[in-house]
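*Asks:* What follows is a single structure, and I will ask about it in a moment.
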């Protein structure tokens with residue numbers, strides 16, 4: 040009886056040598072992890088401000104890219 | 168009790184290894200990085216390597232906004248025991264906490280619970296061989312019981328809330344979901360913060376109150392060596408008011424480990440004394456490692472004090488014990504009480520009911 | 144797919160703290176919290192002084208996310224690391240783990256008790272409804288949902304601080320470095336490693352689309 044208990048304890052102890060995934064929900068790029076948040080492009084563009092087609096990711100990215108290139112003064116000034 | 172003594176050895180060993188070395192290595196130092204940078208600005212404009220080395224070293228620079236370590240761009244380097252590469256202190260801390268501490272700490276708790284369950288269900292609780300006599304001896308005074316229970320209950324609150332914060336993400340979060348688990352964790356964190364000072368005070372009172380009877384005596388070693396027999400229904404060697412196992416628990420578990428847990432916890436509890444992140448990371452690791460170890464130890468103590476030993480719980484609850492129990496578990500103490508030696512020592516009159 | 148990043152040009156930052164002020168103004172951050180800071184290395188030394196503006200770097204493998212005991216962090220489709228203040232318990236672990244000191248805690252009570260963590264959101268708000276009052280109160284402005292970039296980067300007077308898709312701002316920076324005088328490749332210090340460039344060689348990268 041005691042030997043069975045010892046073997047069982049040894050097996051359980053052996054399990055301590057396992058390496059396990061630390062994050063309960065491993066962070067995956069582009070995947071929300073249980074917490075809902077709307078995407079920027081799902082909003083109606085403001086009347087005064089940059090325009091894109093609501094819900095269309097590509098048009099939002101196109102618009103934001105233009106804005107990013109606005110930081111490029113070589114292009115902004117000389118083109 | 169032999170398992171207990173062996174566990175104690177591991178605890179001490181593990182604690183010694185657990186202390187972070189805080190090793191901080193710097194790359195081969197440039198004697199005057201400012202001069203080098205000035206020279207670079209002329210010879211190789213745009214090559215700011217000396218500045219980037221400064222950024223990586225984690226040394227504070229000038230920042231106009233207030234705040235502790237506001238001038239540190241990247242945390243200094245550090246390495247915790249068992250890590251093969253030096254990394255940013257925060258990264259090293261993350262790897263140590265999320266790695267060995269969580270994995271082995273979690274399994275330690277599981278294994279201790281499994282061993283206790285194994286002993287309980289395979290061997291059963293330790294029984295008193297003689298029939299109860301009905302004559303009661305005073306064992307713990309009211310003050311001693313208060314000191315024990317204030318410390319014990321606050322310990323259990325701290326232990327449970329601490330386990331929620333360390334393992335809850337892996338165990339409870341998938342079951343409870345985010346909202347409920349965050350609410351529970353928030354409660355746990357606040358309980359942990361506010362119960363901690365009570366625990367520290369009661370710990371000091373407890374240590375002083377129980378010190379005298381826990382001093383090592385002749386026969387403690389013999390008790391530790393042969394007491395395992397009681398798990399298989401045998402008789403245990405005679406001991407004083409506290410036996411060898413209880414003394415190991417007192418000195419290693421309560422005095423050494425709980426004081427380490429308390430001291431490191433106080434550093435984390437009051438982050439407004441200008442302590443830096445490096446200090447808090449090291450203290451956090453010391454705190455969590457010693458806390459997990461002492462929790463495992465306490466589980467063994469709680470088992471022995473409640474369902475593991477017949478009649479043990481009543482002693483601390485009511486402060487009195489049956490003569491048969493005293494003779495079985497603390498024969499020398501029983502003799503002392505009977506002969507009036509113990510009464511003279513503790514000032515309590517033997518309360519016998521004939 | 145965009146991966147939002149910040150990039151700061153140490154050759155251009157003049158430590159005006161405009162980004163810090165822009166951030167505080169745009170997001171109305173809690174008292175005692177600075178989501179962005181400017182650090183000056185070799186302060187006051189002629190020829191060696193460099194300034195850098197730093198906030199949350201929106202790491203791909205974010206340490207804050209890994210150590211959070213309630214798992215309150217998440218990464219948006221644009222690679223922005225955000226957190227949910229409703230879940231945050233104020234334990235301070237993200238502050239231990241972050242290399243850059245981005246997560247900060249407003250003091251919520253006596254003895255340094257921590258409140259809900261606050262950090263740079265890349266002006267992308269949080270899990271509340273976009274551009275709502277609740278979102279603004281907890282996380283500040285959601286400029287991405289307005290089709291704009293973070294206020295700090297857009298306000299930067301010398302364009303030392305760039306914000307946006309990592310690929311785009313890296314291109315801007317690359318062209319900028321290539322234009323920095325005839326030194327070209329020497330600017331990177333490659334001359335030291337690979338010997339001087341052959342005579343009459345063109346600068347390392349020809350700036351695309353430039354007219355001057």
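Residue numbers (our numbering), protein chains in the order written: chain A, 40 to 118; chain C, 168 to 521; chain U, 144 to 355. For every residue, glycine included, the Cβ atom is placed at its ideal position computed from N, Cα and C.
(1) Quick one: which unbroken alpha helix (DSSP H) runs of 4-plus residues sit fully inside the region 322-393 of chain C? Chain order, please.
(2) Starting from the Cα of residue 254 of chain U, find the closest Cα among C/477, C/435, C/311 and give me that residue.
(3) Quick one: give me the first and last residue of the beta strand (DSSP E) that residue 180 of chain U is part of.
(4) Say whether chain U places a C-beta atom closer than 7 Å to the C-beta of residue 94 of chain A.
(5) Consider the Cβ of residue 106 of chain A: report whether some Cβ of chain U lies at a distance smaller than 7 Å.
(6) Taking 7 Å as the CB-CB limit, is residue 230 of chain U close to chain C?
(7) Tell me whether residue 406 of chain C is buried or exposed, calling it buried when 16 or more other Cβ atoms sit within 10 Å of its Cβ.
(8) What residue from C/502, C/506, C/490, C/500 has the CA that sits closest to residue 296 of chain C's CA?
(9) Can the beta-carbon of residue 141 of chain C be found less than 7 Å from the beta-carbon of residue 394 of chain C?
(10) For a contact meaning CB atoms closer than 8 Å, what does residue 115 of chain A contact in chain C?
(11) Going by DSSP in three states, residue 225 of chain U sits in which element: helix, strand or coil?
(12) With a threshold of 7 Å between beta-carbons, can residue 290 of chain U be considered close to chain A, or not?
(13) Name the residue from U/220, U/252, U/259 whose alpha carbon lies nearest to the alpha carbon of residue 236 of chain U.
(14) With a threshold of 7 Å between beta carbons, is residue 38 of chain A in contact with chain C?
(15) In chain order, what residues of the region 274-295 of chain C put their CB closer than 9 Å to some CB of chain A?
(16) So is the beta-carbon of residue 385 of chain C under 6 Å away from any non-hydrogen atom of the ligand MG?
(17) Please report how far the alpha carbon of residue 200 of chain U lies from the alpha carbon of residue 86 of chain A, in whole angstroms.
(18) Bridge partners of residue 257 of chain U, per DSSP?
(19) In whole angstroms, give me the CA-to-CA distance for residue 446 of chain C and residue 230 of chain U.
(20) Contact between the region 248-265 of chain C and the region 236-246 of chain U is defined here as three or more beta-carbon pairs at a separation below 8 Å; is this criterion met?
(21) Taking only the alpha-carbon atoms, compute the straight-line gap between residue 333 of chain C and residue 363 of chain C and give it to the nearest angstrom.
(22) Residue 332 of chain U to residue 154 of chain U, Cα distance in whole Å?
(23) Using a Cβ distance threshold of 8 Å, determine whether the region 324-339 of chain C contacts the region 197-215 of chain U, with at least three qualifying pairs required.
(24) Output yes if chain D places a C-beta closer than 7 Å to the C-beta of residue 185 of chain U; else output no.
(25) When the Cα of residue 232 of chain C is compared with those of U/271, U/297, U/196, U/192, which residue comes out closest?
(26) Quick one: measure Cβ to Cβ for residue 226 of chain C and residue 444 of chain C, integer angstroms, because I've assumed they're closer than 8 Å.
(27) Shortest alpha-carbon distance to residue 84 of chain A belongs to which of A/41, A/106, A/99, A/114?
*Replies:* Looking at the coordinates:
(1) You should have 340-343, 345-377, 387-393.
(2) Within the third chain, the letter at position 111 stands for residue 254 of chain U. The option with the nearest alpha carbon to residue 254 of chain U is C/435.
(3) As a position in the third chain, residue 180 of chain U is number 37, starting the count at 1. 180-184 is the span of the beta strand (DSSP E), which, as asked, contains residue 180 of chain U.
(4) Residue 94 of chain A sits at position 55 when you count from the first residue of the first chain. When Cβ-Cβ separations below 7 Å define contact, residue 94 of chain A makes no contact with chain U.
(5) Walking along the first chain from the start, residue 106 of chain A turns up at place 67. Output row for residue 106 of chain A: interface = yes.
(6) Start at 1 with the first residue of the third chain, and residue 230 of chain U comes out as number 87. Residue 230 of chain U counts as touching chain C.
(7) Here residue 406 of chain C refers to the residue found at position 239 when the second chain is read from its first residue. Its Cβ being crowded by 16 or more others within 10 Å, residue 406 of chain C is buried.
(8) Position 129 of the second chain, counting from 1, holds the residue named residue 296 of chain C. With distances taken between Cα atoms, residue 296 of chain C lies closest to C/490.
(9) No answer is possible for residue 141 of chain C: the residues shown for chain C start at 168 and end at 521.
(10) For the purposes of this step, residue 115 of chain A is identified with residue 76 of the first chain, where counting begins at 1. None at all; the shortest Cβ gap to chain C is about 22 Å.
(11) Along the third chain, one-based indexing puts residue 225 of chain U at 82. Here DSSP, grouped into helix, strand and coil, assigns residue 225 of chain U to strand.
(12) As a working mapping, residue 290 of chain U is identified with position 147 in the third chain. So, interface residue.
(13) As a first step, residue 236 of chain U is located in the third chain; it is residue number 93 there, counting from the start. For the set U/220, U/252, U/259, the Cα lying nearest the Cα of residue 236 of chain U is the one of U/259.
(14) In this structure chain A extends from 40 to 118, so residue 38 of chain A is not present and cannot be described.
(15) If the cut-off is 9 Å between Cβ atoms, the region 274-295 of chain C has 274, 275, 277, 278, 281, 282, 285, 286, 288, 289, 290 near chain A.
(16) The ligand content of the structure shown is nil, which means the ligand MG is not present either.
(17) Numbered from 1 along the third chain, position 57 holds the residue referred to as residue 200 of chain U. Numbered from 1 along the first chain, position 47 holds the residue referred to as residue 86 of chain A. About 31 Å.
(18) By one-based count along the third chain, residue 257 of chain U stands at place 114. Bridge partners of residue 257 of chain U: U/250.
(19) Locating residue 446 of chain C in the second chain gives position 279, where the first residue counts as 1. Locating residue 230 of chain U in the third chain gives position 87, where the first residue counts as 1. Taking the straight line joining both Cα atoms gives about 27 Å.
(20) Three or more pairs of CB atoms, one per stretch, sit closer than 8 Å, so the region 248-265 of chain C contacts the region 236-246 of chain U.
(21) Residue mapping note: residue 333 of chain C aligns to position 166 of the second chain, counting from 1. Residue mapping note: residue 363 of chain C aligns to position 196 of the second chain, counting from 1. When rounded, the distance between both Cα atoms is 17 Å.
(22) On the third chain, residue 332 of chain U is found 189 positions in, with the first residue counted as 1. On the third chain, residue 154 of chain U is found 11 positions in, with the first residue counted as 1. For residue 332 of chain U, the pLDDT reaches just 45, beneath the cut-off of 50, and the residue's location in the model is therefore unreliable, although a value from the coordinates is still provided. Here the C-alpha atom of residue 332 of chain U lies approximately 15 Å from the C-alpha atom of residue 154 of chain U.
(23) Using a C-beta cut-off of 8 Å, the region 324-339 of chain C makes contact with the region 197-215 of chain U, since at least three inter-stretch Cβ pairs fall below that distance.
(24) The displayed structure is made up of protein chains A, C and U, and chain D is not among them.
(25) Taking the second chain and counting its residues from 1, one reaches residue 232 of chain C at position 65. For the residues U/271, U/297, U/196, U/192, the minimum Cα distance to residue 232 of chain C belongs to U/196.
(26) Residue mapping note: residue 226 of chain C aligns to position 59 of the second chain, counting from 1. Residue mapping note: residue 444 of chain C aligns to position 277 of the second chain, counting from 1. Taking 8 Å as the upper bound for CB-CB distance, residue 226 of chain C and residue 444 of chain C are not in contact here, some 14 Å apart.
(27) The residue labelled residue 84 of chain A in the question sits at position 45 within the first chain. The residue among A/41, A/106, A/99, A/114 with its C-alpha nearest the C-alpha of residue 84 of chain A is A/99.
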